[in-house]
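Structure, as structure tokens:
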Amino acid sequence: MQIIKEVCVDSFLNAVNAEKKGANRIELCARLDLDGLTPNKKLIKKVFSNLSIPIRVMIRPKHPSFIYSEEDIQRMIEDINYCKELGVDGVVLGCLNEDSNFNMNQINLLSEIAKPLNVIIHKAIDKTDSVLNSLLLLLKNKNINGVLSSGGKTFAIDAIKTLKKMLDLVPDNFEIINAGGITYKNINELHSLIQGKYYHGKKIIKLK
Numbered sequence: 002m003q004i005i006k007e008v009c010v011d012s013f014l015n016a017v018n019a020e021k022k023g024a025n026r027i028e029l030c031a032r033l034d035l036d037g038l039t040p041n042k043k044l045i046k047k048v049f050s051n052l053s054i055p056i057r058v059m060i061r062p063k064h065p066s067f068i069y070s071e072e073d074i075q076r077m078i079e080d081i082n083y084c085k086e087l088g089v090d091g092v093v094l095g096c097l098n099e100d101s102n103f104n105m106n107q108i109n110l111l112s113e114i115a116k117p118l119n120v121i122i123h124k125a126i127d128k129t130d131s132v133l134n135s136l137l138l139l140l141k142n143k144n145i146n147g148v149l150s151s152g153g154k155t156f157a158i159d160a161i162k163t164l165k166k167m168l169d170l171v172p173d174n175f176e177i178i179n180a181g182g183i184t185y186k187n188i189n190e191l192h193s194l195i196q197g198k199y200y201h202g203k204k205i206i207k208l209k
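Note that the working numbering has the sequence shown beginning at 2, numbered continuously upward.
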């Protein structure tokens with residue numbers, strides 16, 4: 002089984018370098034110091050025009066909350082539509098309620114608008130009461146293609162059992178993208194424990 006290494010980047014140079022160094026895919030963000038926000042349209046277009054590997058774009062208008070107003074949702078829709086026009090591989094998003102569980106009304110709306118792009122739910126799932134119950138909720142929406150998670154913990158190494166359970170719950174075509182402190186130094190060890198296919202991180206490829 003081929004491992005897919007997804008590198009999250011927030012600049013054109015890092016995107017180009019990630020591809021050169023062997024990344025299979027990138028997640029394009031702004032402000033990785035804030036765990037990733039929506040990149041500007043100019044950066045999205047420049048990266049899309051110069052890379053040959055798949056690009057998934059973070060759709061996250063603010064930090065730190067995942068609770069979004071109607072105005073926030075309209076901004077997200079605008080950004081999703083721009084990504085559709087370009088033809089990127091997918092978008093990465095997630096919306097919570099005040100009770101820290103998924104706002105499925107907002108997620109369902111955004112994922113419907115995003116079709117036919119891949120839709121990945123980001124680590125907002127790790128803020129919910131139950132990662133496994135939240136995953137089951139997402140599986141009811143056939144427009145969602147995967148979830149990025151550290152199993153409810155900060156680091157994937159501390160959530161091996163949960164990440165393996167997540168893999169057991171999903172069909173083969175649904176991506177469980179393992180994240181949380183995964184680097185080029187520990188990915189082989191983590192893969193031997195998780196036995197997943199998809200791994201994500203800023204340092205999952207040695208860029209320098």
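Backbone N, C-alpha and C define an ideal beta-carbon position, used for all residues, glycine too.
Remember, predicted model here, so these are calculated numbers, not experimental data.
**OP:** Measure the C-alpha to C-alpha separation of residue 130 and residue 102 and round it to an integer number of angstroms.
**Re:** 7 Å
**OP:** Please classify residue 219: does DSSP put it in a helix, a strand, or coil?
**Re:** Residue 219 lies beyond the stretch modelled for the chain, which goes from 2 to 209, so this question has no answer here.
Original post:
Is the number of C-beta pairs between the segment 152 to 169 and the segment 88 to 101 that are closer than 8 Å three or more?
Top reply: Fewer than three Cβ pairs drawn from the segment 152 to 169 and the segment 88 to 101 lie within less than 8 Å of each other, which leaves the two stretches out of contact.
**OP:** Kindly list the residues whose CB is nearer than 7 Å to the CB of residue 124, restricted to its own chain and excluding five residues on each side of it in sequence; keep chain order.
**Re:** 149, 150, 151, 180
Original post:
Anyone know if the C-beta pair for residue 8 and residue 205 falls short of 8 Å?
Top reply: yes
Subject >> Length at least 4, wholly inside the segment 13 to 50: the alpha helix (DSSP H) runs in chain order >> reply: You should have 13 to 21.
Original post:
Should residue 122 be labelled buried (16 or more other beta-carbon atoms within 10 Å of its own) or exposed?
Top reply: buried
Original post:
Who are the Cβ neighbours of residue 42 in its own chain at under 6 Å, not counting the five residues just before and after it?
Top reply: 83
Subject >> Sequence ranges, alpha helix (DSSP H) only - wholly within the segment 61 to 139, length at least 4 >> reply: 71 to 87, 105 to 115, 132 to 139
Original post:
Taking the continuous alpha helix (DSSP H) assigned at residue 194, which residues delimit it?
Top reply: 188 to 195
Original post:
Are the beta-carbon atoms belonging to residue 177 and residue 194 less than 8 Å from one another?
Top reply: Residue 177 is not a Cβ neighbour of residue 194, given a cutoff of 8 Å.
Original post:
By Cβ distance below 6 Å, which residues in the same chain neighbour residue 31 in space, the five residues on each side in sequence not counted?
Top reply: 11, 38, 40
**OP:** Using 10 angstroms around the beta-carbon of residue 201, count the other beta-carbons present and answer buried if the total reaches 16, otherwise exposed.
**Re:** buried
Subject >> residue 107 burial status per 10 Å Cβ neighbour count (16 or more: buried) >> reply: buried
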